[in-house]
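Accompanying notes for the structure given below.
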Amino acid sequence: MKIRSVLLLFTALTVTLAAQSGEKIRIEGKVSYISSQNIYTAFESTEGLSKGDTLFTAENKPAVVINFISSKSAAGAPVAGVNLVKDQILHAFVLPPEEKKPEEKKPVIADEETNAPVTPASRFVREKKNYSGRFSVQSMSDFNNLGVPGGQRWRYSLMFNMKEIEGKDLSLTLYSTLSYRTTDWGREGYDMSRFLRLYELSARYSPDSVNYFVLGRNINRKISNLGAIDGLQYEHLSGSYTFGAFVGSRAGYQDYGYDLKLFQLGGYVQRSDSLGSGIMENTFSVVQQSYEFTKTDRRFIYLQHYSTPANRLSFFASSELDLYKVEKGESKQTVDLTSIYLSARFSPVKELSLNFSYDARRNIIYYETFKTFIDSVLENELLQGFRFNTSYRFYDGITIGGSFGLRNRNGDAASNTNYGGYVSWYDIPYFRGNVYLNLNAVKSSYIEGTNYSLTVSKNVIPEIDVNLNLRLYNYKISRSALDVNQKIMGLDVYYSLFRNLSLGASFEGIYETSRSYGRFYIDLTGRL
């Protein structure tokens, strides 16, 4: 693939999708709970969302298809191939609510006898809080019948947001986790950097409506492929354009800590337009990443396109072009395509959904950070693949779906294929629960096998959801005589203790011919 092909692709997407009128708005939610079948996402309001809509990741990749919805949360099955974590931000694009015409006010004639004075209590307006947050305490214990001592892992997480501090457009954001095994705690001291992870700790300030600054650790949604940026970011809005720049460092590769040696700076420009009944966004960015400030680690261009040219139709494309490399100890200027990702989602009718994605990439090389490793790399093979998903929802709550994926690398003896299908029945009459049946098969140069799963879920009482999951795994490893046959049973219970406090418990037992082992998981989550 040549650079010209990539530029032609982005140009074609930009030109051929250019515009009529109309616009959707973006709403964001956070993953609040993950069960064996569903991903639960909390929103401030789900107005505009409906069953069958798709939630997307920060990179605009399809993540969850909504099956259940309430006023402030949505739940659904994850899209195959997408791995989500608790507190991850998902978003959707919905039509803005229609503006209600104000009711015509009729004149009121005051009556001296009934025109009572307004008391202080009647003038009281409840103040809306300017903060929100979520905390959780999780414990996972594992056990087995092999005579090997089991272990226990604890995980604490805190997410906190505060807006309009002191009446100004100043906000603070924090997302952090503390995770450790009980056998590790205190064994080698109490070095918190081994257990503590800061995914976001930033302050945002907007002096006016067109400028804003971000200081701290933050993931910029417009260039999210870069990951966390530690430092200062600036953005300016000018009509349809957004101009941005940043300077700081990258997160450490081993402990995700602060590492000032991993210096980086860059800038980007984004243009947003109305497109049909939706939107179109194109982003161009240039990034310079260094080691110890002066040694070039990587220099590249990042391109991103997202559009919704019609109702139930969306496109996403991204690509990275490396501009710097080192060969035989000499630095060179180059233009090499490192990665390209394309995805499209189309729903010709409300009941039918079609998803397609293509991914091709080479290993990213940081010439200074991994200098000793690079010397052992003989060639950087291209890894590419595509995936297709489809689903159809019948009027009586039954949904059928299927998927097919193909991935290969130059030099592999055989391509990696993955295909499967599922049937789900939502809100079964009389039972008032849900059933999900799934079949998946995989074949590659080193493994071949199938797995089956059956999940039954039911809302026992308004505060309690229960999921029962049964799975069968049958795999054969081609390079050995080892066959893997597992029977897995899982049970999830989700209990809403109070309005802002919930308790989840999960058990997973794995049974083989001569051994068995399992895990027990407890989660306590509260909202601020």
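Numbered by the working numbering, the letters in the sequence shown go through residues 1 to 528 in order. We treat Cβ as the ideally placed atom computed from N, Cα and C, and that holds for glycine.
Cut-off 7 Å between Cβ atoms - residues of its own chain near V286, not counting five sequence neighbours on either side: G266, G267, I301, listed in sequence order.
Segment contact flag, the region 158-171 with the region 127-139, C-beta cutoff 8 Å, min 3 pairs: As far as the Cβ criterion goes, the region 158-171 touches the region 127-139, which means the pair count is three or higher.
Give the DSSP-derived three-state secondary structure of A414 in the structure shown. coil
Exposed or buried, which one is A413 when buried takes at least 16 other CB atoms within 10 Å? exposed
L158 lies in the beta strand (DSSP E); which residues open and close that run? 151-162
T399, enclosing beta strand (DSSP E) - first and last residue: 398-409
So, is Y395 buried or exposed, given that buried needs 16 or more other C-beta atoms within 10 angstroms? exposed
Could you check which residue in L470, S403, R499, D523 has the C-alpha nearest to that of V493? When L470, S403, R499, D523 are compared, the shortest CA-CA separation from V493 is found for D523.
Since A74 and L49 are thought to touch, with beta carbons under 8 Å apart, how far apart are those beta carbons, to the nearest angstrom? The beta-carbon distance between A74 and L49, rounded to whole angstroms, is 6 Å. This is short enough to meet the 8 Å contact definition.
Give me the Cα-Cα distance between V456 and N469, rounded to the nearest whole angstrom. 7 Å
As assigned by DSSP and simplified to three states, the class of E166: helix
Does the region 488-502 come close enough to the region 460-475 to have 3 or more Cβ pairs within less than 8 Å? Here the region 488-502 lies against the region 460-475, with 3 or more beta-carbon pairs under 8 Å apart.
Is R299 closer than 8 Å to L323 when the C-beta atoms are compared? yes
Less than 8 Å between the CB atoms is what I'm expecting for G248 and L226, so what's the real figure, rounded? Between G248 and L226 the beta-carbon gap is near 11 Å, outside 8 Å, which marks them as no contact.
In chain order, what residues of the same chain have a beta carbon less than 8 Å from the beta carbon of L260, not counting five sequence neighbours either side? S249
Which stretch, first to last residue, makes up the beta strand (DSSP E) that contains N434? 433-443
Is the beta carbon of S516 closer than 8 Å to that of N145? yes
N210 and S238 look like a contact to me (Cβ under 8 Å); what is the Cβ gap, rounded to whole Å? It should be pointed out that residue 210 corresponds to Val in this sequence rather than to Asn. Rounded, the Cβ-Cβ distance is 7 Å, consistent with contact.
Am I right that Y452 and R471 are in contact with their C-beta atoms under 8 Å? What's the rounded C-beta distance? 7 Å
Since I believe K61 is in contact with F316 (beta carbons under 8 Å), could you give me their beta-carbon distance rounded to a whole number of angstroms? Cβ atoms of F316 and K61 come within 8 Å of each other, at about 7 Å.
What's the call for R181, buried or exposed, on a 16-neighbour Cβ count within 10 Å? exposed
Nearest candidate by alpha-carbon position, reference S339, set G252, K325, S318, S331: S318
Limits of the unbroken beta strand (DSSP E) element including T183: No beta strand (DSSP E) contains T183, which DSSP labels as neither H nor E.
Cβ of S353 within 8 Å of Cβ of S391? yes
I89 versus K72 - alpha carbon distance: 15 Å
Within a Cβ cutoff of 8 Å, which residues of the same chain sit near I69, ignoring the five residues on either side of it in sequence? T46, L49, S50, K51, A75
Just checking my contact of S282 with Q270 at CB under 8 Å: how many whole Å lie between their CB atoms? In the sequence as displayed, the identity of residue 282 is Asn instead of Ser. About 7 Å separates the beta carbons of N282 and Q270, which is inside the 8 Å limit, making them a contact pair.
Which listed residue (K350, N220, N459) has its alpha carbon closest to that of S202: N220
I believe N408 touches N416 by the beta-carbon criterion, under 8 Å. Please report the beta-carbon distance rounded to the nearest angstrom. Taking C-beta atoms under 8 Å as the contact rule, N408 and N416 qualify, at a distance of about 7 Å.
Whose CA, out of A441, F195, I165, L491, lies closest to the CA of Y473? A441
C-alpha distance - L382 paired with Y341, whole-angstrom precision: 13 Å
With respect to the beta strand (DSSP E) encompassing T41, which residues constitute its N-terminal and C-terminal limits? 39-43
E512 - containing beta strand (DSSP E), residue span: Here E512 belongs to no beta strand (DSSP E), and DSSP marks it neither H nor E.
Go through its chain and collect everything with a Cβ distance to Q138's Cβ below 8 Å, but skip five positions before and after it. W154, R155, Y156, S157, Y521, I522, D523, L524
Rounded to whole angstroms, how far is the Cβ of F195 from the Cβ of L178, which I believe are closer than 8 Å? 6 Å
Euclidean distance between Cα positions of V85 and E200: Pairing V85 with E200, the inter-Cα distance amounts to about 15 Å.
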